[in-house]
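Chains A and B are the protein sequences, given in the same order. The first sequence lines up with residues 33 to 166 when you count with my numbering. The second sequence lines up with residues 33 to 166 when you count with my numbering. Heads up, the thing below is written out as C-alpha cells.
There are 2 protein chains.
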Amino acid sequence: MSTRREAVKQALNHSTGFRSAQDLYADLRAEGSKIGLTTVYRALQNLHDSGEVDVLRTDDGEAVYRACATESHHHHLVCRGCGKAVEVEGPAVEKWAESIGAQHGFTEVTHTVEVFGTCAECAAACREGSGKRT
Amino acid sequence: MSTRREAVKQALNHSTGFRSAQDLYADLRAEGSKIGLTTVYRALQNLHDSGEVDVLRTDDGEAVYRACATESHHHHLVCRGCGKAVEVEGPAVEKWAESIGAQHGFTEVTHTVEVFGTCAECAAACREGSGKRT
DNA sequence: CCGAAAATGAAAATGATTGTCAAAAAGTGT
DNA sequence: ACACTTTTTGACAATCATTTTCATTTTCGG
Ligand SMILES: [Zn+2]
Ligand SMILES: [Zn+2]
Ligand SMILES: [Zn+2]
Ligand SMILES: [Zn+2]
C-alpha cells in the first residue's frame, strides 16, 4: 500500500469518467505531486490486477481507467462528450453471452460490453452551442 | 478499387479470425507481394471506413480486422486460442443497450460487444496436450 | 542505526500507427 | 503512342503511448 498508489487511486476517485495514465499524471503533477509517469503506469497496472479499477480502450487504442463503486461484474454507459460513466448491469446480456458461447461449443466464456452515448448535459450544451466541456 | 486494396481484402477473406495490419503485411509479403506496410494500413482504414471490415482492439491495444460475411449489425464470438471468430446476433442485447441509454437520458446510443471463449477444437487440443495452433 | 527488499523516476527502448514526399501507375483527351 | 493530370504507392522519418532498464531513495525488520 504505497503512497503513490493511493495517490493514483484517489485521483481516479475524483473523476467521474475514465482517465488515461497520461491524464492522471497531468492531474497529479498539476496539484503539486512529484510522481513520475512510470509510477502512474505501474500503479494503474497494479490497481487493475487487483480488480480495483476497470480499464477499457478508446477508439485510438489508449487505455483508460476508472475506479468503480462496485467490484462486482458490471458494464458502463459512457458519455462520448464529457466521458462521464455510469455503472450498469445487464442480466439479459450475461445470459445471452453464456448462451451464445455454449451454442457454438465455446467454453470459459467471457465478454466485454460498453455502451456509448451523449449524456443529457452534453446534449443540452451542444444544442445551445456553448461547447461546454467538463 | 485499387489492386492493393483488393489484395488486402482477400488476405483478410482467407482468414477465419481477426488479423492485425502487421499480420496481413507479413502474409502478403510471404506470398510474394511487394506491398508496403503503409499501404496495408491505408487499405484497412479504407475498408473500415466503407464498412467492409470490422475492427476491434486486442487487450494490448493492437487493432485487428476481419472481413465479415454480413454487413448488417452483428457481434463476434472469438476463440481465445486460435482467434477463430463467429458472427453472432443478439436482439436482446440491442434492446438492452438502447433501453439502458434511454433510462439515463443518453442519446445517440451505440455499443460494443464481444464474446470470448475457447472453441471446441482448441479445448480438445489443449486437453490432449498437443498445443495445436491454427 | 544497519542492511535487505520494495518502490520510485529519469531516461532509453519498443512497437504500432501516422505523416511526408517523391516516384510509379492509371486515366484522359489528342 | 503522347503529353499531362490525378491517384496510388512505399521507403523513411516522426509520433506517441507504454515498457524496460537501472541507479537512487524509501521503507522496514531487527
Ligand atoms: Zn456528457
Ligand atoms: Zn457482463
Ligand atoms: Zn480455437
Ligand atoms: Zn449490437
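Built from N, CA and C at the ideal position, the CB exists for glycine as well.
Would you list, in chain order, the members of the stretch 143–156 of chain A that have their beta-carbon closer than 7 Å to a beta-carbon of chain B?
His143, Thr144, Val145, Glu146, Val147, Phe148, Gly149, Thr150, Cys151, Ala152, Ala155
Give the DSSP-derived three-state secondary structure of Gly133 of chain A in the structure shown.
helix
Can you list, in chain order, the residues of its chain with a C-beta nearer than 6 Å to that of Thr166 of chain B? Leave out the 5 residues immediately preceding and following it.
Caution is warranted here: a pLDDT of 42 is assigned to Thr166 of chain B, below 50, making its placement in the model unreliable, and the coordinate value is therefore given only provisionally. Excluding positions up to five away in sequence, the list reads Cys114.
Can you tell me the Cα-Cα spacing of Gly9 of chain A and Ala129 of chain A, whole angstroms?
Here chain A has residues from 33 to 166 only, and residue 9 of chain A is not among them.
Proximity to Gly149 of chain B [Cα-Cα], best of A:Leu44, A:Gln135, A:Phe50
A:Gln135
For ligand 2, is there a heavy atom less than 6 Å away from the beta-carbon of Glu126 of chain A?
yes
Taking CB distances under 7 Å as the criterion, tell me whether Ala134 of chain A reaches chain B.
no
Just list the residues that DSSP pairs Gly49 of chain A with in beta bridges.
A:Lys116
Please go through the same chain and pick out, in chain order, the residues whose beta-carbon is closer than 7 Å to the beta-carbon of Cys151 of chain B, but skip the five residues on each side of it.
Cys111, Gly113, Cys114, Lys116
On the DSSP letters alone, give me the boundaries of the beta strand (DSSP E) that Cys151 of chain B sits inside.
Cys151 of chain B -> no beta strand (DSSP E), and no H or E assigned at all.
Can you tell me which of A:His80, A:Asp59, A:Gly93, A:Asp55 puts its alpha carbon nearest to the alpha carbon of Cys100 of chain A?
A:His80
Could you tell me whether the Cβ of Phe138 of chain A comes closer than 7 Å to any Cβ of chain B?
yes
Strictly closer than 6 Å from CB to any heavy atom of ligand 3: give me those residues in the order they appear in the chain.
B:Cys111, B:Gly113, B:Cys114, B:Lys116, B:Cys151, B:Glu153, B:Cys154
Please state whether DSSP places Val110 of chain B in a helix, a strand or coil.
strand
Identify, in the order they occur along the chain, each residue of the same chain with its Cβ nearer than 7 Å to the Cβ of Gln42 of chain A, setting aside the five sequence neighbours on each side.
none
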